[in-house]
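Have a look at the structure below, then the notes.
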Amino acid sequence: MSNETDEDPDSVEKVERTDVGCSMEARLKRGTGTRDEDTVTIKAKGETAEETIAEFHTLLEEHEQDISGRLRDIQPEQDE
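For the sequence shown, position 27 matches number 27 in full-length UniProt numbering, and the numbering has no gaps at all.
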(Lines of atoms letter the chains of each structure in order from A; the text may use other names.)
(Lines give C-alpha, C1' and ligand atoms only; values in the text may rest on other atoms or scores of the structure.)
Protein backbone atom coordinates (compact mmCIF):
# COMPACT_ATOMS: atom_id res chain seq x y z
CA MET A 1 0.00 0.00 0.00
CA SER A 2 1.13 3.49 -0.65
CA ASN A 3 0.85 6.35 1.77
CA GLU A 4 -1.64 8.75 0.15
CA THR A 5 -0.97 11.63 2.51
CA ASP A 6 1.98 14.00 2.40
CA GLU A 7 2.75 13.37 6.09
CA ASP A 8 5.90 11.55 7.09
CA PRO A 9 4.80 8.21 8.63
CA ASP A 10 7.83 8.26 10.95
CA SER A 11 7.12 11.72 12.37
CA VAL A 12 6.05 12.10 15.98
CA GLU A 13 3.55 14.71 17.08
CA LYS A 14 4.16 16.04 20.57
CA VAL A 15 1.22 17.35 22.57
CA GLU A 16 1.81 19.33 25.73
CA ARG A 17 -0.92 19.03 28.35
CA THR A 18 -1.43 21.80 30.85
CA ASP A 19 -3.86 21.32 33.71
CA VAL A 20 -5.17 24.41 35.40
CA GLY A 21 -6.88 24.36 38.74
CA CYS A 22 -7.02 22.09 41.73
CA SER A 23 -8.21 18.57 42.47
CA MET A 24 -8.93 16.62 45.64
CA GLU A 25 -9.55 12.92 46.23
CA ALA A 26 -10.54 10.86 49.27
CA ARG A 27 -11.03 7.11 49.59
CA LEU A 28 -13.51 5.87 52.16
CA LYS A 29 -13.86 2.29 53.37
CA ARG A 30 -16.68 0.94 55.53
CA GLY A 31 -16.88 -2.52 57.03
CA THR A 32 -14.34 -5.07 58.07
CA GLY A 33 -15.28 -8.41 56.52
CA THR A 34 -14.55 -9.40 52.95
CA ARG A 35 -18.25 -9.58 52.14
CA ASP A 36 -19.15 -6.56 54.26
CA GLU A 37 -16.95 -3.82 52.83
CA ASP A 38 -17.90 -0.74 50.85
CA THR A 39 -15.17 1.33 49.22
CA VAL A 40 -15.98 4.75 47.78
CA THR A 41 -13.70 7.27 46.08
CA ILE A 42 -14.81 10.89 46.06
CA LYS A 43 -13.07 13.24 43.60
CA ALA A 44 -13.59 16.97 43.22
CA LYS A 45 -12.09 19.51 40.84
CA GLY A 46 -12.24 23.28 40.64
CA GLU A 47 -10.40 26.28 39.32
CA THR A 48 -9.29 27.27 42.83
CA ALA A 49 -8.70 25.41 46.07
CA GLU A 50 -11.78 27.10 47.55
CA GLU A 51 -14.01 25.87 44.69
CA THR A 52 -12.52 22.39 44.95
CA ILE A 53 -13.17 22.16 48.69
CA ALA A 54 -16.75 23.40 48.24
CA GLU A 55 -17.36 20.80 45.51
CA PHE A 56 -15.82 18.09 47.70
CA HIS A 57 -18.08 18.99 50.63
CA THR A 58 -21.12 18.87 48.33
CA LEU A 59 -20.16 15.42 47.05
CA LEU A 60 -19.37 14.16 50.56
CA GLU A 61 -22.73 15.39 51.87
CA GLU A 62 -24.50 13.68 48.96
CA HIS A 63 -22.66 10.47 49.80
CA GLU A 64 -23.53 10.70 53.49
CA GLN A 65 -27.22 11.42 52.87
CA ASP A 66 -28.00 9.13 49.96
CA ILE A 67 -25.34 6.80 48.69
CA SER A 68 -23.95 5.38 51.96
CA GLY A 69 -27.42 4.36 53.16
CA ARG A 70 -28.19 2.67 49.87
CA LEU A 71 -24.89 0.78 50.00
CA ARG A 72 -25.63 -0.42 53.56
CA ASP A 73 -29.05 -1.67 52.43
CA ILE A 74 -27.39 -3.99 49.93
CA GLN A 75 -26.31 -6.91 52.04
CA PRO A 76 -24.79 -10.15 50.79
CA GLU A 77 -27.16 -13.08 50.99
CA GLN A 78 -26.36 -15.56 53.71
CA ASP A 79 -26.17 -19.25 52.85
CA GLU A 80 -29.11 -21.17 54.28
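Each residue gets a CB set at the ideal place from its N, CA and C atoms; glycine is no exception.
Rounded to the nearest whole angstrom, the CA to CA distance from R70 to G21 is 32 Å.
The beta carbon of T48 sits closer than 8 Å to the beta carbons of G21 and C22 from its chain, once the five residues preceding and following it are set aside; these are given in chain order. In the structure shown, E25 falls within a strand segment according to DSSP collapsed to helix, strand and coil. C-alpha of R72 to C-alpha of E61: approximately 16 Å in a straight line.
Cα atoms of T39 and V12: separation of roughly 41 Å, rounded to the nearest angstrom.
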